[in-house]
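J.: Attaching a single structure in structure tokens format; questions to follow.
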Amino acid sequence: MDGIHDMGGMHGFGKVEPELNEPVFHAAWEGRCLALNRAMGVIGAWTIDEGRSGIEELPPQVYLAHSYYGKWALRLENMIISRGLAGADEIAAGHALHPAKSMKRKLGVADVPGTLTRGSFGRQPPAPARFKVGERVRTKVIHPATHTRLPRYTRGRVGTIEALRGCHVFPDTSAIGAGENPQWLYTVVFEGRELWGENTDPTLTVSIDAFEPYLDAA
Amino acid sequence: MAHDHDHDDHHEHGSELSEMQLRVRALETVLAEKGYIDPAALDLIVEEFETRIGPHNGARVVAKAWADPAFKHALIEDATKAVRSLGLINRVGDHLIAVENTPKLHNVIVCTLCSCYPWEVLGLPPVWYKAAPYRSRAVNDPRGVLADFGLKLPADTQIRVWDSTAETRFIVLPMRPQGTEGWSEEKLATLVTRDCMIGTGLPRNSAEAA
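Protein chains in written order, with the working numbering: chain A, 1 to 218; chain B, 1 to 210.
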């Protein structure tokens, strides 16, 4: 979706402000929030793509007004309610009031190591890869109202296939519950000028990792 | 480490609970009472991220690559496999990619769409990495962003920005600082900062060794 999350190339957000000796968490609730979100992923409450989509669906003014983990907390609330895992009344009460939904897994202490590794998203390819390293491709102009991983600033641009990264779960379908639909993944590199115009620093190149359905031969 | 909701304020230093703390606590209580999660498991996850998962792991990887050409070659070929072979980290996610800086090329990692970051080698990303100024500007004004970090590169250095748009994850292999010939991997690792593995910094120089 063309949301506020898709920030590449936007102006006006100001300088980057690194924090010296930054702690891992700035408050205890941030750590609990991260752990809760990881836990719900592990028990199969939603996929990583559905989770990202949950962040993107926050209204832009809410997205910008909340800290990173603040957004995670809002997403967690929205998703457990929308999936019937808990009711808004229970969250307001701060206690369970209704029976739980049955889940494939529960997260116990023994399951923690599994929460600390990213999942594997490589899948068996359904067909041979369409593009080869060195080939020129043009990204499609798409504006889906649902989740996609093709950033706006790279749509309709010509780039070069630099590497083939295997066949992976396709976020655009996974995010809407339409299945893993594995697709070939390519590193596509663009000249800075192709993305930002002729006054761009000539030393700049930018790459994305693009799924095959995002690409046409150029 | 036990987690007891009734009288556990071990992170709070006696201050009043903020709105977010109350909200997240309510969520945790509800999800625990419904049997989806065990708060003791959450304690462990937090502890892992606070103590064991962090850029010290990436620093060991970079130092090894500086000291051992065969390992460096393996790292560039397949970083997941190479990092796993070190046994430093219990679990390394798939699709880890190491990108090498050279005198002509400087790599910078970003995730414009969210916050994708190689957790297993760098830990959780800093706030700035997840925030709008970095995510918006890294792809169209990387030199300006590097200047925010006090880093100025030669005008003819090629800048390559890697936008982490899929489940691939990137770590920068910076150039080995001069004057470190014969150093042990342990000593080399003290020169490797988190930011030099993101591309927003350079390694410490040999005079700054810990």
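Ideal placement from N, C-alpha and C gives every residue a C-beta, glycine not left out.
Would you list the one or two residues that DSSP bridges to B/Asn140?
T.: Beta-bridge pairing links B/Asn140 to no other residue.
J.: Using a Cβ-Cβ distance under 8 Å, would B/Met175 count as near chain A?
T.: Answer no: the Cβ-Cβ gap between B/Met175 and chain A never drops below 8 Å.
J.: Using a Cβ-Cβ cut-off of 8 Å, state whether A/Gly31 counts as contacting chain B.
T.: True, the Cβ-Cβ gap to chain B drops below 8 Å.
J.: For a minimum of 4 consecutive residues, which ranges assigned as the alpha helix (DSSP H) are wholly contained in the region 7 to 64 of chain A?
T.: List check, alpha helix (DSSP H) in window: 28 to 42 and 48 to 56.
J.: For B/Val62 versus B/Pro174, is the C-beta distance shorter than 8 Å?
T.: Yes, the pair counts as a contact, with Cβ atoms nearer than the cut-off.
J.: With a threshold of 7 Å on Cβ separation, who are the neighbours of A/Gly31 within its own chain once the five nearest residues in sequence on each side are excluded?
T.: Phe25.
J.: Which ranges does the beta strand (DSSP E) cover as unbroken runs of at least 3 residues, wholly within the region 133 to 187 of chain A, from first to last along the chain?
T.: Entirely contained in the region 133 to 187 of chain A, the beta strand (DSSP E) runs reaching 3 residues are, in chain order, 136 to 139 and 158 to 168.
J.: Can you tell me where the alpha helix (DSSP H) with B/Arg160 in it begins and where it stops?
T.: Segment Gln158 to Asp163 is the beta strand (DSSP E) holding B/Arg160; no alpha helix (DSSP H) there.
J.: Would you list, in chain order, the members of the region 142 to 160 of chain B that have their beta-carbon closer than 8 Å to a beta-carbon of chain A?
T.: Hits within the stretch, in order: Pro142, Arg143, Val145, Asp148, Phe149, Ala155, Asp156, Thr157, Gln158, Ile159 and Arg160.
J.: Which same chain residues end up closer than 6 Å to B/Ile97 when comparing Cβ atoms and leaving out the 5 residues on each side of it in sequence?
T.: If we look at B/Ile97 and ignore the five residues flanking it on each side, its Cβ neighbours are Ala79, Thr168 and Phe170.
J.: If I'm right that B/Thr165 touches A/Pro151 with Cβ under 8 Å, what's the distance once you round it to whole angstroms?
T.: Indeed they touch by this definition, with Cβ atoms about 6 Å apart.
J.: Below 8 Å between beta carbons: does that hold for A/Lys104 and A/Gly44?
T.: Against a cut-off of 8 Å, the Cβ pair of A/Gly44 and A/Lys104 comes out as a contact.
J.: In this structure, what does DSSP give as the bridge partners for B/Asn234?
T.: The question about residue 234 of chain B has no answer, for chain B in this structure spans 1 to 210.
J.: If you follow the beta strand (DSSP E) that A/Ser207 is part of, which residue opens it and which one closes it?
T.: Unbroken beta strand (DSSP E) run through A/Ser207: Leu204 to Phe211.
J.: The beta strand (DSSP E) spanning B/Glu100 covers which residue range?
T.: Leu96 to Glu100 is the extent of the beta strand (DSSP E) around B/Glu100.
J.: Let's test the definition: count the other Cβ atoms within 10 Å of the Cβ of A/Ala210 and tell me whether it reaches 16, buried, or not, exposed.
T.: Its Cβ being crowded by 16 or more others within 10 Å, A/Ala210 is buried.
J.: Quick one: list the residues of chain A neighbouring B/Ser115, beta-carbon separation under 8 Å, in chain order.
T.: Those are Tyr68, listed as they occur along chain A.
J.: Taking the alpha-carbon positions, what's the B/Ala74 to A/Phe13 distance?
T.: If I take the Cα positions, the gap works out to 39 Å.
J.: May I ask you to list, following chain order, the residues of the region 8 to 26 of chain A that have a beta carbon less than 9 Å from some beta carbon of chain B?
T.: Per Cβ criterion, the list reads Gly8, Gly9, Met10, His11, Gly12, Phe13, Gly14, Lys15, Val16, Glu17, Pro18, Glu19, Glu22, Pro23, Val24, Phe25 and His26.
J.: Kindly indicate if chain A contains any beta-carbon less than 8 Å away from that of B/Ser136.
T.: It does; some Cβ of chain A falls within 8 Å.
J.: When the Cβ atoms of the region 41 to 61 of chain A are set against those of the region 107 to 121 of chain A, are three or more pairs found closer than 8 Å?
T.: Cβ pair count under 8 Å is three or more, so yes.
J.: Taking Cβ positions only, does B/Arg60 come closer than 8 Å to chain A?
T.: No, because no Cβ of chain A sits closer than 8 Å to the Cβ of B/Arg60.
J.: Among the candidates A/His147, A/Thr160, A/Arg193 and A/Glu198, whose CA atom is the shortest distance from the CA of A/Thr173?
T.: The shortest Cα separation from A/Thr173 among A/His147, A/Thr160, A/Arg193 and A/Glu198 belongs to A/His147.
J.: Rounded to a whole number of angstroms, what is the C-alpha to C-alpha distance between B/Gly150 and A/Val206?
T.: Each residue's Cα considered, the two are about 22 Å apart.
J.: Closer than 8 Å, CB to CB, is B/Arg91 near chain A or not?
T.: Judged by the 8 Å Cβ criterion, B/Arg91 is in contact with chain A.
J.: When we look at the beta-carbon of A/Gly177 and count the other beta-carbons within 10 Å, is it buried (16 or more) or exposed?
T.: By the 10 Å Cβ count, A/Gly177 comes out exposed.
J.: Spell out whether any CB of chain A is found under 8 Å from the CB atom of B/Val127.
T.: Chain A, which has a Cβ nearer than 8 Å to the Cβ of B/Val127, makes this yes.
J.: Nearest to A/Pro23 by alpha carbon, out of B/Ala41, B/Gly123 and B/Asp141?
T.: Residue B/Gly123 is the option with its Cα nearest to A/Pro23.
J.: Alpha carbon to alpha carbon, how far is B/Arg143 from B/Leu44? Give it in angstroms, no decimals.
T.: Using only the alpha carbons, I get a separation of about 40 Å.
J.: When DSSP labels each residue in this structure, what does B/Asp148 get in the three-state scheme?
T.: Looking at B/Asp148 - three-state DSSP - the assignment turns out to be helix.
J.: For A/Ala92, which beta-bridge partners are listed by DSSP?
T.: In DSSP, A/Ala92 forms no bridge with anything.
J.: On the three-pair Cβ rule with 8 Å, is the region 192 to 206 of chain B touching the region 95 to 113 of chain B?
T.: Contact between the region 192 to 206 of chain B and the region 95 to 113 of chain B is present, because at least three Cβ pairs lie under 8 Å.
J.: Does any residue of chain A bring its CB to less than 8 Å from the CB of B/His95?
T.: Closer than 8 Å to some Cβ of chain A, the Cβ of B/His95 qualifies, so yes.
J.: Pick from A/Lys132, A/Ala163, A/Thr47 and A/Ala93: whose alpha carbon is nearest that of B/Leu22?
T.: Looking at the Cα atoms, A/Ala93 is the closest of the given residues.
J.: Got a sec? Which residues, its chain only, sit under 8 Å from B/Lys56 by beta carbon, not counting five neighbours each side?
T.: According to the sequence as given, residue 56 of chain B is His; it is not Lys. Counting only Cβ-Cβ distances below 8 Å, and skipping sequence neighbours, we find Ala189.
J.: Which whole-angstrom value describes the C-beta separation of A/Phe121 and A/His66, a residue pair presumed to lie in contact below a C-beta threshold of 8 Å?
T.: About 28 Å separates the two Cβ atoms, so there is no contact after all.
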